[in-house]
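Working notes, structure below.
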Amino acid sequence: MSSTIDVRSLAGKQQQGEINLIDVRTPAEYSGLHAEGARNVPLDSISADAVGSTSPDRPVYVICQAGNRSKKAVDKLVAFGVPHVVDVQGGTSAWESAGLPVVRGKKTVSLPRQVQMVAGSMVLIGAILGYFVHPGFIGLSGFVGAGLLFAGLTDTCAMATILGKMPWNQRSGGGSCSV
Numbered sequence: 000m001s002s003t004i005d006v007r008s009l010a011g012k013q014q015q016g017e018i019n020l021i022d023v024r025t026p027a028e029y030s031g032l033h034a035e036g037a038r039n040v041p042l043d044s045i046s047a048d049a050v051g052s053t054s055p056d057r058p059v060y061v062i063c064q065a066g067n068r069s070k071k072a073v074d075k076l077v078a079f080g081v082p083h084v085v086d087v088q089g090g091t092s093a094w095e096s097a098g099l100p101v102v103r104g105k106k107t108v109s110l111p112r113q114v115q116m117v118a119g120s121m122v123l124i125g126a127i128l129g130y131f132v133h134p135g136f137i138g139l140s141g142f143v144g145a146g147l148l149f150a151g152l153t154d155t156c157a158m159a160t161i162l163g164k165m166p167w168n169q170r171s172g173g174g175s176c177s178v
């Protein structure tokens, strides 16, 4: 069973007692800023065992940056048979905007911005090389454009998946953030 909750309602539940709040962003994003009480279980490693809930009486609350990845995680957890999963509407952005308690660490570039920077760079490089070196390089821009179109149509992004596994998107050091 899955449902949704707004950040203020979740914060009220959090004040009443411990909740199982899972942040499914990359470790680097999580380390930069996360809702107080959240623990990090990146989307690509989400499983019923990782979230630690087998009781319908204790829901798993899932949060990301703005809501896209948390929806995917909720779908995965429901498919894994987790009995009660709740999607946090608006994600960490809404949590922070509402003035709710957050933990701040080293600021990082978000995964969506990394995708934009890499895709934009590849399109620009393809256009420049196509103009100055050989027209065949225009294919690089076309390839990136097709990838972005596919990502928009299917709500999956291979570039984001690859970038999420890069060393700079992994937490370094021991820190207090648990995976």
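Quick note on numbering: numbering that gives the first Met the number 0 labels position 53 of the sequence shown as 52, and the sequence is numbered without any gaps.
Beta carbons: idealized from backbone N, C-alpha and C, even for Gly.
To the nearest angstrom, how far is it from the Cα of V77 to the Cα of V84? Cα to Cα, the separation comes out at about 7 Å.
Could you check where the beta strand (DSSP E) with D86 kicks off and where it finishes? Where D86 is concerned, the enclosing beta strand (DSSP E) stretches over V84 to V87.
Suppose the cutoff is 7 Å on Cβ atoms and the five residues either side in sequence are ignored; what does the same chain contact list for F79 look like? Once the five neighbours on either side are set aside, the close Cβ partners of F79 are S46 and A47.
Do G66 and G36 count as a contact pair if the criterion is CB distance below 8 Å? With respect to the 8 Å criterion, G36 and G66 are not classified as neighbours on the basis of their beta carbons.
Does DSSP put T3 in a helix, a strand or coil? Strand, per DSSP.
Tell me the rounded alpha-carbon separation between G141 and T153. Taking the straight line from one Cα to the other gives about 18 Å.
CB L162 to CB Q113, shorter than 8 Å? With contacts defined as CB atoms closer than 8 Å, L162 and Q113 qualify as a contacting pair.
Kindly indicate which residue of V61, T25 and L148 has the alpha-carbon position closest to the one of K164. Closest option to K164, Cα to Cα, is T25.
I need the DSSP call for I45, collapsed to helix, strand or coil. Coil, per DSSP.
If we call anything under 8 Å between Cβ atoms a contact, is G104 one with S30? With respect to the 8 Å criterion, G104 and S30 are classified as neighbours on the basis of their beta carbons.
Apart from the five residues just before and just after E95, which ones in its own chain have a Cβ nearer than 6 Å to its Cβ? Closer than 6 Å at the Cβ level, and outside the excluded window around E95, lie V101.
So, R68 versus L42, is the Cβ gap smaller than 8 Å? Taking 8 Å as the Cβ cut-off, R68 and L42 qualify as a contacting pair.
Residues of its chain near S92, where Cβ-Cβ distance is below 8 Å and the 5 sequence neighbours each way are ignored: Excluding residues within five positions, the ones whose Cβ falls inside 8 Å are Q64 and A65.
Pick out whichever of R57, A97 and A49 has its Cα sitting closest to the Cα of K75. Here the closest residue by C-alpha is A49.
With a threshold of 16 other CB atoms inside 10 Å of the CB of L9, please say whether the residue is buried or exposed. Here L9 is buried. Its C-beta has 16 or more other C-beta atoms within 10 Å.
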